[in-house]
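A.B. asks: Take a look at this one; I'll ask things after.
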Amino acid sequence: KIMNLKISKTRVGIIITFGLLMALNVFFATQYYLVKNEIKVIQKIENTKKVNAKVVAFARLFIEKVLKAKTEVSFEDRLKLENVVRDLGDEEILSQWEKFTASKTEIDAQQNVKDLLGILMNKIAN
17 KIMNLKISKT RVGIIITFGL LMALNVFFAT QYYLVKNEIK VIQKIENTKK VNAKVVAFAR
77 LFIEKVLKAK TEVSFEDRLK LENVVRDLGD EEILSQWEKF TASKTEIDAQ QNVKDLLGIL
137 MNKIAN
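Counting in this note's numbering, the sequence shown runs from 17 upward without gaps.
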């Protein structure tokens, strides 16, 4: 009987230890999942900040070199704007930029500028 009592105490100890280890595994797995999701959210926010910074930089350059220009925009400035807009990697902005640069009349150019600025502001706001 004493031997059976020791064995059952050992079994109970093993079962309790096993249960605690399982509970810890569940706890750490849950924490890992929560932290992983939080990291994804933070990475998305950081990526949005980077994109917004690029969009703002392009908008500033566009305003400075195109909208405030007192003379025709130089080739170097057009090239710089083209490179910056392509570096954004945004198809919608690039498409509108190409519409603007392909404008045949001043009225078309003005409308395309408005559309481009609207897209830029929407990108920054989102």
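No residue lacks a Cβ here, since even glycine has one placed at the ideal position from N, Cα and C. Note that this is a predicted model, so its numbers are computed, not measured.
1. Between the region 118-126 and the region 40-59, do three or more beta carbon pairs fall short of 8 Å?
2. Check whether the region 67-86 and the region 31-41 touch, using three or more Cβ-Cβ pairs below 8 Å as the test.
3. My output table needs one value for E88: the three-state DSSP class, helix, strand or coil.
4. Is the region 65-73 touching the region 126-142, taking contact as three or more C-beta pairs under 8 Å?
5. Identify which residue in V28, T64, D131, K86 has its Cα closest to the Cα of L110.
6. Just to confirm, is the Cβ distance from K115 to N99 under 8 Å?
C.D. replies: If we stick to the structure as given:
1. no
2. no
3. coil
4. yes
5. D131
6. no
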